[in-house]
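Enquirer: First to last, the sequence lines map onto chains F and B.
The C-terminal position of the first sequence is numbered 1098 in the numbering used here, with every residue numbered one higher than the one before it.
The C-terminal position of the second sequence is numbered 620 in the numbering used here, with every residue numbered one higher than the one before it.
The C-beta atom is built at its ideal place from N, Cα and C for all residues, glycine as well.
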Amino acid sequence: MSVKWKFKSLMILTLLSAQMADADELNEFFVDKQDTSQTDTVPELRAVYRFDQANNKVGSIKNISLITAHSLPQLIKGELPGVYVSESNGEPGTSQQMFVRGLNKPIFTNRDIYSTQPLIVLDGVPQIGEHPFSFDIQNYDVERIGPENNLLTTFDIDNIESIVVHKDLATLAKYGPIGVNGVIEITSKKSLGPDKKRISVNSYGGFSARPAVTTINGSYENAFRKQFYDLFTTNGRYNEDDVYPIYLSDSLNNNYFGPSNWSDSYYHNGYNYGANATVAGGGNRSNFQFNLGTIQNGGTAEDTEFDKLNARFYLNLRPFNWLVFETLVNVNRLNRDRNKNLRNRYAMMGYFPDLGAPISPNKEVYDKYLDEFDKSFDNNFNNLLGGFFGLQFNVDRLRFKTKFGIDYNEGYRDLFYPSTILESNNFASNYYGYNQRILIDNTLVYDFQNDANYFYFEAGNSFTWDVFKYNYAYAFKGVNDYIKINLLGGDQNSSVFPKQLIYKFLDRTRHNMISVYGKGSYTYDNTYTASLMLRYDGSSNAQPTARWFFSPTLSLGWNAKNSLMADNEQISQLNFRASVGRLGIYNMYDNYSQGPSYTAQIGYTGNMIVPSYNAFAALVRPYEVGWVGYDIPWSYMDEVNIGMDLGLQQNKLQFSLDAYVRDTKDQLVMLPGKRDFGYKYQYESGLDVRNMGVDLGISGDIINKSQLSWNSGIILGFNTNKILALPNGLDEVAVDNRLLKVGERVDAFWLLENQGIYLTDNDVPQQSGQLLTYRAIDLKAGDPIWKDQNGDFNIDDEDRIVKGNIIPKVSGSWNNSLRYNNFDLNLNFYFNLGRSIMNQEMSNRFNFIENENAREIDAIKEITYWEKRGDYSKYPLYNPWSSVSPYQVNQSLFLENGSFVKLRTVSLGYNMKDVLSSKYSKKMDLYVYLSANNLLTLSPYSGRDPELVNYLGYDLGYSLPLPKTFALGFKLNL
Amino acid sequence: MLDIDSSRLVSEENMWLKLEDSRAALMGVYGLTKAALNDHNAHWLYGEVRSGDFSIPIRQDLKAISSHNLSPSYGVMEDLKSWRRFYAVINAANIFIERVPEVLANDKRYTDNNMVVDVAQARFLRAFAYFYMVRIWGDVPLITSSQEGKFTDAPREDQFKVLAWVQQELEAAAADLPYRYSVNDPQQIGNYYNEAPSRWDGALARKLTAYALLAHVAAWQSNYPDAATYSKFVVDNYGKAGMGLIPSETLSAANGFFYDKNSNQLLGFGHVYNHVEGSFTGHIEELTLATPVVDKTIPDMFLPKDKILQYFNEANDQRFSADTLGNPTSENYFRNFNGRYPIFSKIKCILGGVTNPTFRLFSSATVFTRLEDIYLLRAESLAVLGETNGAIDLLNTLRERRGLAKYAFEKNGELVDAIFHERNRELMGEGHRWYDLIRYSRLKNDNSPINQMIRANAIYWPIAKDVLAQNSKLTQNEYWK
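1. Which residues share a DSSP beta bridge with histidine 635(F)?
2. Less than 7 angstroms between the beta carbons of aspartate 605(F) and asparagine 665(F), yes or no?
3. Under a CB-based cut-off of 7 angstroms, is histidine 179(B) close to chain F?
4. Grab the span of the alpha helix (DSSP H) containing proline 336(B) for me, first residue to last.
5. Give the DSSP-derived three-state secondary structure of asparagine 878(F) in the structure shown.
6. For proline 250(F), list the residues DSSP reports as bridge partners.
7. Comparing the C-beta of tyrosine 599(B) with each C-beta of chain F, is any distance below 7 angstroms?
8. Residue range of the beta strand (DSSP E) that glycine 1093(F) falls in?
9. Suppose contacts are defined by Cβ-Cβ distances below 7 angstroms. Is valine 82(F) in contact with proline 230(F) by that definition?
10. Restricting to Cα atoms, I'd like to know which of Ser1016(F), Thr647(F), Arg634(F) is closest to isoleucine 252(F).
11. For a contact defined as C-beta to C-beta under 8 angstroms, what are the partners of histidine 560(B) on chain F?
12. Return helix, strand or coil for lysine 776(F), following the three-state DSSP convention.
13. Strictly below 7 angstroms CB to CB, what residues from chain B border threonine 357(F)?
14. Between isoleucine 195(B) and chain F, is there a C-beta pair that is closer than 7 angstroms?
15. Interface residues of chain B around glutamine 718(F) at Cβ under 8 angstroms?
16. I'd like the list of long-range same chain contacts for leucine 1017(F), defined as Cβ closer than 7 angstroms, with 5 residues on each side in sequence excluded.
17. Between the beta-carbon of tyrosine 580(F) and the beta-carbon of aspartate 571(F), is there less than 7 angstroms?
18. Closest Cβ-Cβ distance between phenylalanine 801(F) and chain B: below 7 angstroms?
19. Pairing CB atoms from the region 288-308 of chain F with CB atoms from the region 1049-1059 of chain F, are three or more of them under 8 angstroms?
20. So methionine 472(F) is in the alpha helix (DSSP H); what residue range does that whole segment cover?
21. When the Cα atoms are used, what is the spatial distance from leucine 441(F) to phenylalanine 414(F)?
22. Which chain F residues sit within Cβ distance under 7 angstroms of glutamate 287(B)?
23. For asparagine 1136(F), count neighbouring Cβ atoms within 10 angstroms of its own Cβ and tell me buried if that reaches 16, exposed if not.
24. Per the DSSP calculation, lysine 957(F) is bridged to which residue(s)?
25. From which residue to which residue does the beta strand (DSSP E) around arginine 268(F) run?
26. Nearest chain B C-beta to asparagine 861(F) closer than 7 angstroms, yes or no?
27. Output needed in chain order: residues of the region 259-276 of chain B with a Cβ under 7 angstroms from some Cβ in chain F.
28. Per DSSP, what are the beta-bridge partners of glutamine 697(F) in this structure?
29. As a quick exercise: from Met472(F), Asn180(F), Pro335(F), Tyr395(F), pick the residue whose alpha carbon is nearest that of isoleucine 287(F).
30. In angstroms, rounded to a whole number, what distance separates the CA positions of leucine 428(B) and tyrosine 391(F)?
31. State the Cα-Cα distance for the pair phenylalanine 476(F) and arginine 786(F), rounded to the nearest angstrom.
32. Taking the alpha-carbon positions, what's the aspartate 512(B) to lysine 601(F) distance?
33. Counting only beta-carbon atoms, is alanine 742(F) nearer than 7 angstroms to chain B?
34. Kindly indicate which three-state DSSP category isoleucine 562(F) falls into: helix, strand or coil?
35. Determine, using beta carbons only, whether arginine 361(F) comes closer than 7 angstroms to chain B.
36. Which residues does DSSP list as the beta-bridge partners of glycine 557(F)?
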């Protein structure tokens, strides 16, 4: 009896961990399913109610592996309802953002993104990401210093058993505050597979196609500008001081007016390959697995490339029936050849060279410039080490598990630019940083069954220690371009670089967390389930007076099929579920925990790094970062989720739906500070944001014959958000370039509304002799007609309206798998609907008067300045010299519909099993395929690609295009 | 495990315990003042560009400022309209004055005398910030306590009341400040914060700094008797402060007066190159230098040739003079005189005080006042008060040092005009011009465009919209409504 019981419990747990998150899950170590040593027959498994929706995991790992992408966000884009992936850059190895069930806070700067990202759990170890604290020493919010490689690449997709997203509290709550933005669990294959194949080899090779672009030269730009001079000037000069750019002045200058063929050197095909192999072995009491893998992903511009090497070792031992030991080590090396963008370079150096002329569009001139990069280097890599070891003790119905996990990654960027590309000054920088998470998890589980009643109890605690650190140094004007030294080394560098031009930084921050929880659930007759989880979390980043946070979650489930229609043959599955609960949200920054504090920040625009006066360290209030007061409570998320799963005709047609209301409350938000006390910002808690939405998945076999089948699936995530409350009872507040307003979206733009152009001065409305003004400036002919929303005869911020949204209202995909005999064809469409883009690139183009020679980070002209982009005919010809900034970006003129549908993947495969097994071995399993990605985009957006939009919803035109890729590959199992 | 002392900042409980804390907090007030003056090169945009003397080839925002069109919000305009950085100075000084007695109680190394001198500097810097703001915005809220966590909204105070308070504060500071630091001045015994005089010379506010500022505060209010008294104190006592008038070569040498820090910078905020404080921005060089002085095609601002000839109209001027053919005989102030863009290169501290054109990293100090400024301010005061001979003596002292003949009415015109003319030449590019023009116009009281602006209160800047939004008691300057 007891033996059988133990086995039964194990089997249940095994099933759960291998498949779905469950109310009764104990994130269990794998135990070989084939282990039947305790009994002769495998007892029938009891169906336990699943709280998660059926479509919360990636439907077919094999299908997504055909995308030949290298990062998790790329792989799951559109595959999971309620998970929106923003792939804003086609440069290989750069990061993508993920948003689970929308956005619950405003995004003002890059650093806000870090606290919206879901937790990634790789084989039970929650991954530590980068920390945004280095932005404190950066003058420009362009990209974080360091390698900035995509860290979500540390696995081989062919080794993955499942990718599951946890979105609602029923399954999310067990991760606690670190999982509040959603959890994506990646579980790698640990089994040898049902047919005990021991070797698997997968490989593909292919290329990313060079994009086709239209280039332009100086005469095109001249003709474009001439329209404005013709309209608004009489003699080609707007006023006496007006200077026409020299590079556009001389039409005989072949560098700017000759052939514009730079694209032959800039764009190219990129070559991609991937290969991985797995060897597995062992038996009933022990097994192991060893994988090696590599991926190279070539970009289509500027010789960008991303490489990774991955090695993974897994060992599972069961020396006694009551003891299981498991360990996993995952080692990765990521390497990236980065872009050569001027903007990124200048932002990093904080130095703007003379911007009088952009790089010539002529290939010969451009090639000479590129040749100088041969003297440079930019070594950009990460080493990652992660894994765990754990023990599980089984004593009758009591099970105890303890796990020690570590996730460590270190990043390096060693860089040198020769003097020839920067006004005869060379530049070197070195970065070393690491992020480290150590955790200890203890779990105790007890369950028992009494007739139809099944009880399950779990208690656990966990300790997490996070450390983030970096050392960074850069220097200018080394003695020559040959001697290159590491600035992070000793003092020997002062002979190579002048010590007055060496800037060094180091920073370190920590975050510790303690959690305890208890959970109990009860299932009656395999039909009704109720589960309650209570947890208590303490964070070192919470203020001492509010260190701990208590949060409960209640989940209910009903297997309606069992209780109402057990005999119905049409309906094969019908479940209903509901959950309601709360979860705390921890702060990423430790300065919130201190209350009012002192920092060394006494810098100013363009020179933020000043830490001292007269070489004495300074300590002042954080006027730049903002005032942080006392009595900051934990912010938290309340969520109600209801869902159902329906299966028809032996689940040939499956339908799964979840609807949620998620309120994120008491959030700390950056508000404008009290200027009269020196503060740029202040942090106040009390921002409440509601996200509502529906996650939907439908899949079914349209044709299912032995020779021919067609399976089609649609995944849809609907999401909308609105601000419920602002701190201090405010109704609206403007922060930087956004307006937060109760009742409006948190990711909306804030824009003036265009209604045309004033063709003559007489068209400007008058009221008792006073002309309509823009911020007290009289409007004139050639100025935009902006709608005076409040009718006060002055256009200002009061007349800006809240409009549009960054996060799409609907995102998802439509997947089709067709199989004919051993052939299969997959078609994957990806779409975003109901989303808007600010086309800042066009604003910059038309705003050439303000942008010419401007030392503005968003006005830098890359070589791609000489590419024809956008639709010029959409914009009226305003007077670009006007004081009212007619082409400022934040107006509805530049707001565009960013909806799109993409044919993301087409793949054709052939399973050679039949051919091979007759000839060679029965065990052999070979699949060969051709795949093509990103083939077609349908979108009303007039810019390059509606996906190439930054975190603020603006398309600046600096990112590399998302390429079309083609690959040929195979998957072999022996 | 949950109590972590941050390594990134200092919490309230770890502050105000040691001598090093008071030093760091005081240096912070200096650093914030420097940041307020240097942010977007504000000191020169307010003081030089606004005067309209310089021509602006490209930058739309500078063009707007130089034509008194302060409504636009492009470029740096919104930041220049905001007084936030000055109030950061004031808040930091208020906190310092309120909290520094805690250090006295906690650290025996911190002496009463040290605290008195520290508090005097904090009061000086706070008063300086108010004076600076009054010149830009007119009426400003007078906030003299930190009010941490409460931050009560205060209305704008009448500028004359603010300046009366400033004067009172400066007098109090002047009484406590030493002539020099770490030289056993009776008011500051021993090495200040255990550092030698070379560490402090030119870096901190001194007794004469306070008097110099008092003279400026009085002159700004056309209170010339007071201006004469305060400036007299500076002129009579500069020997005690290790100061002197500077020769022409030193004035414009790349490693001269503006380079590093020195006692002659009566109120200066250094970018000390050897302290890794050189920077790309926060210097007039960023605005004025271009080819052939540095590798930049077009300067952000330049003084056109006709204006140069109009201002430097006397022979043998060591700063700049041209012969009858229009060829420069002295190029200390201007290079490329006959080119499309004459380059104003009086201040050109590149890197470690060199003439290397390739890297635009500058190390000049932001100098608010120096002895020559106070000489001329005193001359101006005496001239207005009718003590003509005294005024002429002071003026001639400076003229001789620049290679010019003695002042003569026939050649140089009215004495007051000659003094302001000299101010323009001597202090060009140091952020005085706009305020000098206003004082000059007030004296003339004619119908010049600047006097019209003074009467319409158009000399003040509009207040940034984000500043207006954060305090319900503020009102926009009438002219810019």
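Expert: Answer, in terms of the structure:
1. Asp590(F)
2. no
3. So, interface residue.
4. 336-339
5. strand
6. Val245(F)
7. no
8. 1089-1097
9. Residue 82(F) is absent from the model: chain F starts at 125 and stops at 1098.
10. With distances taken between Cα atoms, isoleucine 252(F) lies closest to Arg634(F).
11. Result: empty, since nearest Cβ-Cβ is about 25 angstroms, beyond 8 angstroms.
12. coil
13. Within 7 angstroms Cβ-Cβ: nothing; threonine 357(F) doesn't reach chain B, min ~15 angstroms.
14. yes
15. Ser145, Leu148, Ser150, Glu151
16. Asn878, Tyr999
17. yes
18. yes
19. no
20. 466-473
21. 15 angstroms
22. Pro720
23. Here chain F comprises residues numbered 125 to 1098, so residue 1136(F) is not present and cannot be evaluated.
24. Checking the displayed sequence, the identity of residue 957(F) turns out to be leucine instead of lysine. Note: leucine 957(F) sits in a beta bridge opposite Val934(F).
25. DSSP places arginine 268(F) outside any beta strand (DSSP E), giving it a letter other than H or E.
26. no
27. Answer in chain order: no residues at all.
28. Gly771(F)
29. Asn180(F)
30. 38 angstroms
31. 45 angstroms
32. Each residue's alpha carbon lies about 37 angstroms from the other.
33. yes
34. Isoleucine 562(F) falls in the strand class under three-state DSSP.
35. Proximity of arginine 361(F) to chain B, defined by a Cβ-Cβ separation below 7 angstroms, is not satisfied.
36. Gly535(F), Tyr594(F)
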